[in-house]
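Reviewing the structure listed below.
Residue numbers (the UniProt record's numbering): 1 to 184.
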């Protein structure tokens, strides 16, 4: 029975991880207003090593359409600007010698639709991950020996219940994100 609990726990952890990954992916998809998460994945070449932007500068959002990046070391301004340009975020950084300002342009209707499609793709990938976790759990279950068919059937039903729950959760997250993106 302990093996069954381990299989169930493993499946649940994999599905939880998929939803966390989806949330992280949705944070990177902008919804019309500035957020520090928009630049969190930018890697700056700092003293020869790729470093996350939040480790070389203070990133803040002074208003809904602006991201302010204030480096702790002024010599890093050029490297930060270069990293932002190379990250293909669609921002044109401007600096005043002390900090970098990113103006977040308002989204067009076409861009909103593109972002909604991108969110849908992320949600579908998450559903695939959830279903793969189900498949892995079922494979592990079939490898067990000396377990009655009734117990195996019960665990299979429980794994399917997890799958249904997490797919529904994924759809809810997508619906929320799409509403956020399409809101003008």
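Every residue gets a Cβ at the ideal spot worked out from N, C-alpha and C, and that includes glycine.
Exercise for review: If I'm right that residue 109 touches residue 74 with Cβ under 8 Å, what's the distance once you round it to whole angstroms?
Suggested key: Their Cβ separation, rounded to whole angstroms, is 40 Å, which puts residue 109 and residue 74 out of contact at 8 Å.
**Study point:** As assigned by DSSP and simplified to three states, the class of residue 164
**Key:** helix
Exercise for review: Check whether the Cβ atoms of residue 56 and residue 71 sit closer than 7 Å, and answer yes or no.
Suggested key: Yes, the pair counts as a contact, with Cβ atoms nearer than the cut-off.
Practice item. Inspect the beta-carbon positions of residue 7 and residue 141 and report whether they are closer than 7 Å. Key: In this structure, residue 141 lies closer than 7 Å to residue 7 by Cβ.
Check your understanding: For the UniProt domain "Ribosome recycling factor" (23-182), which segments carrying the beta strand (DSSP E) assignment without a break, of at least 3 residues, lie completely within its bounds, in sequence order?
Key -> 43-46, 49-52, 57-63, 66-71, 100-103
Review point. How is residue 15 classed by DSSP in three states: helix, strand or coil?
Key: helix
Check your understanding: How many angstroms separate the CA atom of residue 166 from the CA atom of residue 181?
Key -> Approximately 22 Å between the Cα atoms of the pair.
Review point. Short check: CB of residue 100 to CB of residue 44, under 7 Å?
Key: no
Point to revise | Among 33, 77, 22, nearest to residue 47 - alpha-carbon criterion | key: 77
Practice item. Label residue 1 either buried or exposed according to how many other C-beta atoms from any shown protein chain fall within 10 Å of its C-beta, with 16 as the threshold for buried. Key: Taking every protein chain shown into account, the CB of residue 1 has fewer than 16 other CB atoms within 10 angstroms, so this residue is exposed.
Check your understanding: Are there 16 or more other CB atoms within 10 angstroms of the CB of residue 176, so buried, or fewer, so exposed?
Key -> That one is exposed.
Review point. Can you tell me the Cα-Cα spacing of residue 137 and residue 127, whole angstroms?
Key: Their Cα atoms are separated by approximately 15 Å.
Point to revise | C-beta atoms of residue 34 and residue 61 nearer than 7 Å | key: yes
Review point. Can you give the Cα-Cα distance for residue 24 and residue 118, rounded to whole angstroms?
Key: 13 Å
Check your understanding: For residue 91 versus residue 107, is the C-beta spacing smaller than 7 Å?
Key -> Contact annotation: residue 91 and residue 107 have beta-carbon atoms that are not nearer than 7 Å.
**Study point:** residue 64 burial status per 10 Å Cβ neighbour count (16 or more: buried)
**Key:** exposed
Point to revise | Of the residues 172, 159, 95, the one placed nearest residue 130, counting alpha carbons only | key: 159
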